[in-house]
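Letter by letter, the sequence shown follows residues 1 to 71 in our numbering.
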Amino acid sequence: MKKLEECVRSVQADGLLWGASKLVPVGYGIKKLQISCVVEDDKVGTDLLEEEITKFEDYVQSVDVAAFNKI
């Protein structure tokens with residue numbers, strides 16, 4: 001999971017700021033990585049961010065947006 005977090009945080013863009021992260025239990029001993037970020041809508045779209053994260057196929061199965069606030 002440490003490598004996964006490193007990969008996700010390696011995504012850089014103007015208008016993107018990574019925040020805190022935590023591991024959240026899903027069930028049966030499986031955990032998911034939850035990372036908060038601030039995205040300036042005019043500079044970075046969530047679609048672009050999801051595309052970049054899913055490129056790490058060895059680590060990422062899916063991307064979910066847990067909460068969304070526009071700035």
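All C-beta atoms, glycine included, are put in the ideal place defined by N, C-alpha and C.
For clarity, every value in this text was computed on a predicted model and none was experimentally measured.
Where residue i sits in the DSSP three-state scheme
i, result
"E57", "coil"
"D104", "The displayed coordinates of the chain run from 1 to 71. Any statement about residue 104 would go beyond what the structure contains."
Straight-line Cα distance separating residue j from residue i
i, j, result
"L23", "K31", "6 Å"
"T46", "F68", "10 Å"
"E52", "E40", "16 Å"
"K55", "S62", "10 Å"
"L48", "Q12", "11 Å"
Own chain partners of residue i with C-beta closer than 8 Å, once the 5 adjacent residues on each side are dropped
i, result
"M1", "L23, K31 and L33"
"E5", "S21, L33 and I35"
"Y59", "K3, L4 and C7"
Sequence-distant residues of the same chain with beta carbon closer than 6 Å to residue i, five excluded per side
i, result
"D76", "This structure leaves residue 76 out entirely; the chain is present only between 1 and 71."
"E50", "V63"
"V26", "K32"
"W18", "R9 and C37"
Nonlocal neighbours in the same chain, by C-beta distance under 7 Å from residue i, ignoring five residues either side
i, result
"A66", "Q34"
*Enumerated in chain order, which unbroken segments of the alpha helix (DSSP H) with a length of 4 residues or greater are wholly contained in the segment 2 to 41?*
For the segment 2 to 41, whole alpha helix (DSSP H) runs of length 4 or above, ordered along the chain, are 2 to 9.
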